[in-house]
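Everything on this sheet refers to the single structure shown next.
4 protein chains.
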Amino acid sequence: MSMNSFGHLFRVTTWGESHGPALGATVDGCPPNVEINEAMLQKWLDLRKPGQNKYTTQRREADEVRILSGVFEGKTTGTPIQLMIENTDQRSKDYGDIVEKFRPGHADITYYQKYGIRDHRGGGRSSARETAARVAAGGIARAVLDILLPDLKIKGFMVQMGPHSIDRENFDWDQIDQNPFWTPDAISAKDWATYLDGLRKSGSSVGAIVEVVAQGAPAGLGAPVYAKLDTDLAAAMMSINAVKGVEIGEGMHAAVLTGEENADEIRMGSNGPEYTSNHAGGILGGISTGQDLVVRFAVKPTSSILTTRKTVSKAGDDTEIITKGRHDPCVGIRAVPVGEAMMACVILDHFLLHRGQVGTNQGKIG
Amino acid sequence: MSMNSFGHLFRVTTWGESHGPALGATVDGCPPNVEINEAMLQKWLDLRKPGQNKYTTQRREADEVRILSGVFEGKTTGTPIQLMIENTDQRSKDYGDIVEKFRPGHADITYYQKYGIRDHRGGGRSSARETAARVAAGGIARAVLDILLPDLKIKGFMVQMGPHSIDRENFDWDQIDQNPFWTPDAISAKDWATYLDGLRKSGSSVGAIVEVVAQGAPAGLGAPVYAKLDTDLAAAMMSINAVKGVEIGEGMHAAVLTGEENADEIRMGSNGPEYTSNHAGGILGGISTGQDLVVRFAVKPTSSILTTRKTVSKAGDDTEIITKGRHDPCVGIRAVPVGEAMMACVILDHFLLHRGQVGTNQGKIG
Amino acid sequence: MSMNSFGHLFRVTTWGESHGPALGATVDGCPPNVEINEAMLQKWLDLRKPGQNKYTTQRREADEVRILSGVFEGKTTGTPIQLMIENTDQRSKDYGDIVEKFRPGHADITYYQKYGIRDHRGGGRSSARETAARVAAGGIARAVLDILLPDLKIKGFMVQMGPHSIDRENFDWDQIDQNPFWTPDAISAKDWATYLDGLRKSGSSVGAIVEVVAQGAPAGLGAPVYAKLDTDLAAAMMSINAVKGVEIGEGMHAAVLTGEENADEIRMGSNGPEYTSNHAGGILGGISTGQDLVVRFAVKPTSSILTTRKTVSKAGDDTEIITKGRHDPCVGIRAVPVGEAMMACVILDHFLLHRGQVGTNQGKIG
Amino acid sequence: MSMNSFGHLFRVTTWGESHGPALGATVDGCPPNVEINEAMLQKWLDLRKPGQNKYTTQRREADEVRILSGVFEGKTTGTPIQLMIENTDQRSKDYGDIVEKFRPGHADITYYQKYGIRDHRGGGRSSARETAARVAAGGIARAVLDILLPDLKIKGFMVQMGPHSIDRENFDWDQIDQNPFWTPDAISAKDWATYLDGLRKSGSSVGAIVEVVAQGAPAGLGAPVYAKLDTDLAAAMMSINAVKGVEIGEGMHAAVLTGEENADEIRMGSNGPEYTSNHAGGILGGISTGQDLVVRFAVKPTSSILTTRKTVSKAGDDTEIITKGRHDPCVGIRAVPVGEAMMACVILDHFLLHRGQVGTNQGKIG
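Chains as they are written, first to last, in my numbering: chain L, 1 to 366; chain Y, 1 to 366; chain W, 1 to 366; chain U, 1 to 366.
See the structure below:
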């Protein structure tokens, strides 16, 4: 039923819980003869890894990925690639306190209501640790894209933390990798550091907005009407833990625009049609235009905070809870590489789908 | 590849173009022995139907749905239900002007770039006429839900038109069906009428935000981690024409909240756990909590406007275009019943999925 | 859940019952820019059509196919193609006698047990009339294959009727279209005519074996390990009404062979590897070798016979039944074009899948 | 694209190669709260394990299965279950000889032609070692079925080895587990031992026919028309390595029967309808009748034999090859537990599908 799978032709199935022996991803449909090794994937995992700095959870996980299948002599074989990350720092004793209580804002209660079972170890399958498997799978997608779409660049960054947005005037691509928030605005980076320090010390948390941009994707990706590129991107991003909203291009703001303001005009450029603006976020009718693909998503604040909260127990009694343990004051930070990974998987998947159905006979303009 | 299908167990495949002989939906996986007839579906289609009032396109379509299979003596048989709506008012001559030019903001150009073919008749497959098929399929989902989840109520309404939001203080469920905008705020209804009249006369258009609420859905619907209820809702709504953003509960606004503000506290009620608020929009970890399911989506302004716009031709020449014809100044209005239909399909699908995997042994609290 | 769909990228969903208003197929994923018209599909339907000669049911159906979507100005657009065949000769009064009784050997009883509903009109969804939709969809697959794999030839024929097998010594491709049994053995054609006349007059029926061969399919089609070419062919053929066995190459007879006898040896030919024999039926490890693809399937005898049979009623009483009406003494005859259609769909589907995942960089030998 | 997945709701994805670090299965959609532990799965794996006796390959693999996810405190959680079997006895040096040559009858050549890559280590993904993962997954299906369908019994056995069939007069269920061939005929067991000794010593191999029977499956499983129970069983069995034919009930022999001989008559029994015979193999119209489900499949002889065979090299030169190494003279033997596992998975999958779509409101007769 694909409940833990995404993608059509490049199909990723993730598995594993926060505190089980291991977690990982089965990647089916990867093109053959692509160079892949563990170091290539580890590079991306290290970006997402917890314990990197004081702004992310202090849980220490090596997050070392192993390739168990599908790669022979350093190249993909076209058969399923199994990626495994062992959980080393499980410290499940931290969670002993919450065996009988549900943490508000977490999926403890809904998993219990659905399945009648309570895996109290750090959220079990609902933990954001699952996203490590996505990042590893995204590493494979990137390696394939480097060959099939060499001009493609995918970059994620934070554009808002709590009430503080970046100033687009300060946007600097090179700044993104130089601050712990992956923000393109150096001034925001400084302000956010102070802000988040305060939150962390008070045991609170805050939400964020992440933007992911893909430059260099060709026109023609996406398919009507339920495998639209934006549909699949929306699903991909909404499936990330704690995400509550997804936008393409203007997003929710499209509501306030008039037709004159919103529709991007077209002029003929040297390599085909060009647009005078990109309100559409690079997608019209679910199909890529060749412009930058622009996706944003909102991550809610971590629900694990050091304030007493009202809740109920499995037995049905009213009670209270404080969620101790090691948590991120702003999980949005660690969602940045996850969003990039999902973008890479979706673009590759649609490239393969397009190549399958249409081949290379796209319509040329001019 | 399911490019034109959605749903896991309750699976809807739509087909047809704006100006072909007919369009429709194939509904596979519908439970048997459910009373269905054309009048029951027509009721919902009539709500979406164009030409209802001066605020929607003046194209006149009977939009009469026929059931071609899957229903015997007025009851579903468990086999595929084919729904067909013939296109009667095709008037394709209106579109003769745009055979060689691409309309900015429309999918004309991307379909051509993808498929190398130009169905210039009113957008072809990319036309919002496709949503008539969704509404018909949604009517089937509703009939099944009336039996399986008799307490469920699904209602969509407009909460924003252009810069004008409703005032939640004025929220009145009974108001929704009494104005042409399906807004729960009677004052907004009046203001919007004036506003939209102006837009229509000037040949302009504007965006909108639609909210769809489902009351009475049980806890436990949705499945980790790529068939989450919010993931499937996001995909369902983003697949609707002109939608650029989707929100669950707080949506994009979750970014500005702290953990204390956002996580809904829990108290034990007479029928199980209750929540003191619903920032989550009724979904935690992708699984329903039993609270109201709250989804919002933004619809961009119609790109067909009476202002000259820059574009290019198939031959690759810079040119200009004015999109005449019959169009909606605010397509968000007609998206309301479509959003409701998608909500109905997704809830039914997840109910069946849950019943398949888990049966009826949900975890009880207390 | 795809219960009425098959194929991965070239995806066919059939719908409709024997005596409903219409039946048809939704074809999703068809490549664009392929010439398709109703006459091209009608050609194949006419071969399968009932009432052609005294050996097939005398039900008279025009079986005229209409294309409702996905084709514009005579060419496919890449969007779903809806094919509809109206049921004209419904004569449901013939079936009035069996409303309360289950016909032995038919699916009446199992459909009732599954769905709790009894569509007594000629088998409803379980009727072999459903295969008309497959033949129409197969016509589309053939038109696409004519472009993508111009050297491909697909031909089905009967190799056994009841106890009478063809003599492979008499095999003549040109004979196939010259007798009502689609058999390549002119002598069998004569013998079978006499044999079947006797059966028909006595109100009996008999089984058959059909073979379908595809010549000119390239090496490399099929994918491990559950989308193998033979796996998909087995599913495709077993899904045809009344089929009880499917064989690839040697089929069940492979059991009696030794390794020396069975493994086809390889020599280098002018255009790549060639095999000294084809016990494998053109498939190794689920992937095509470039040899002829050879599939056979057994069709059981029609269960509708003029002999009184023991059965039970819906009320649970022991009773007897004679199935009158218009039926085929050997339904295997009409299964020939259906098997061809399924072969065409499976080959095209795997060609598109291969093109999607692998592109055109197949391994060359020598 | 599900290339390495099977099942609709109970979905199994296998991964891994013969000589990679590990292989396994991802099981998605397993119902929660079912007791599962490694010992329960190991029991089934030990039956399939190589090196059990002189009739199976002498490769020695511990084949120890580990559960990496989806089970908490000994019970399934409803989330994906990852099963891993490490390859311990890889001895890849055995295969050094065939790096440049293709083994006739093996998938070496087709994998190379498809993917352009040659994993020469024991067949790579095409090795029958993949079936260990199926057996482990089948163990999970059995544990679930023990709860959901406690009366169900699944048993596989060999009915033919080379030219030697069992005598159905000698059929004894208790005999099956008492001989190395899983045959219900004690006399055949003796004869086959002598026969296979001879084959083994001469370095030859032979095919076989395996039958799998499920007793106690309820009526109503299976769905029209491409998710028929027999369609899915045919696909499941045909996907097993070396299988060339699949039969349901009478199978290919249905071709020689008349309608009178083939259609099973029905009488009312104390617990519902009963049949006077079971030519149908328990399936009518793709849906189970409640009778025994009977499936047979033919396994071709191992292509690895000690006779020099003609082949070609990657470079395209004619050459010869002898496949040394450790191989089974009759792989059909080890296919028995694999067939049982596939039967278990398919029945569970269809039970869940049925429960999802139809619930428990099946039609009762009488």
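Note that beta-carbon positions come from the ideal geometry of N, C-alpha and C, so glycine has one too.
- Burial state of residue 156 of chain Y is buried, judged by a 10 Å Cβ sphere holding 16 or more other Cβ atoms.
- Along the length of the region 226-257 of chain W, whole alpha helix (DSSP H) runs at least 4 residues long occupy 229-238, reported in chain order.
- Taking 8 Å as the cut-off between beta carbons, the residues of the region 114-127 of chain U near chain L are 114, 115, 116, 117, 119, 121, 124, 125, in sequence order.
- With respect to chain L, the C-beta atom of residue 199 of chain U has no partner C-beta closer than 8 Å.
- Here the C-alpha atom of residue 206 of chain Y lies approximately 10 Å from the C-alpha atom of residue 305 of chain Y.
- Legend: CB atoms of the region 299-321 of chain L lying less than 8 Å from CB atoms of chain W are not found in any residue.
- Here residue 166 of chain Y is buried, its C-beta having at least 16 other C-beta atoms within 10 Å.
- By the CB criterion at 8 Å, residue 260 of chain W and residue 204 of chain U fall inside the cutoff.
- In this structure, the alpha-carbon of residue 244 of chain U lies about 21 Å from that of residue 338 of chain W.
- Nearest CB-CB separation between residue 352 of chain Y and chain U: below the 8 Å threshold.
- Against chain Y, the beta carbon of residue 106 of chain L has neighbours under 9 Å at 263, 284, 285, listed in chain order.
- Rounded to the nearest angstrom, the Cβ distance from residue 148 of chain Y to residue 10 of chain Y is 11 Å, too far for a contact under 8 Å.
- Proximity to residue 317 of chain U across U/101, U/229, U/55, U/163 peaks at U/101, based on C-alpha coordinates.
- Between the C-alpha atoms of residue 127 of chain L and residue 80 of chain L there is a straight-line separation of about 25 Å.
- A contact is defined here as three or more CB-CB pairs under 8 Å, and the region 293-309 of chain W meets this definition with respect to the region 102-118 of chain W.
- Look at residue 82 of chain U here: in three-state DSSP terms it is strand.
- In the structure shown, residue 212 of chain L falls within a strand segment according to DSSP collapsed to helix, strand and coil.
- Residues are counted here when their Cβ sits less than 7 Å from a Cβ of chain U; for the region 223-251 of chain W these are 223, 224, 225, 226, 227, 228, 230, 231, 234, 235, 238, 239, 244, 245, 246, 247, 248, 249, 250, 251, given in chain order.
- Contact annotation, residue 294 of chain L with residue 237 of chain L: C-beta distance approximately 12 Å; criterion of less than 8 Å not satisfied.
- Where residue 136 of chain W is concerned, the enclosing alpha helix (DSSP H) starts and stops at 130-148.
- Approximately 5 Å separates the beta-carbon atoms of residue 299 of chain W and residue 242 of chain W; this is inside 8 Å, confirming the contact.
- For residue 15 of chain L, the pairing in a beta bridge is given by DSSP as L/24.
- Short of 7 Å from the beta carbon of residue 303 of chain L, and not among the five residues preceding or following it, lie these beta carbons of its own chain, in chain order: 103, 104, 105, 106.
- At a C-beta separation below 9 Å, residue 75 of chain U has these neighbours in chain L: 117.
- Residue 208 of chain Y counts as buried, since no fewer than 16 other beta carbons sit within 10 angstroms of its beta carbon.
- Not a single CB atom of chain U sits nearer than 8 Å to the CB of residue 181 of chain L.
- Taking 8 Å as the cut-off between beta carbons, the residues of the region 13-25 of chain Y near chain W are 13, 14, 15, 16, 17, 20, 21, 22, 23, 24, in sequence order.
- Within the DSSP bridge table, the entry for residue 318 of chain L names L/312 as partners.
- Shortest Cα-Cα distance from residue 67 of chain W to any of W/24, W/47, W/285, W/4 involves W/24.
- Counting only runs of 3+ residues, the beta strand (DSSP E) found wholly inside the region 262-288 of chain Y occupies 266-269, 272-275, in chain order.
- In terms of CA proximity to residue 28 of chain Y, U/226 leads the group U/221, U/226, U/180.
- According to the DSSP secondary-structure assignment, residue 156 of chain Y is paired through a beta bridge with Y/212.
- Residues of the region 130-145 of chain W that bring their beta carbon within less than 8 Å of a beta carbon in chain U comprise 130, in sequence order.
- The beta carbon of residue 109 of chain L falls within 8 Å of a beta carbon belonging to chain Y, placing the residue at that interface.
- Residue 9 of chain Y sits in coil when the DSSP states are folded into three classes, being neither helix nor strand.
- By the C-beta density criterion, residue 187 of chain W is exposed, having fewer than 16 other C-beta atoms within 10 angstroms.
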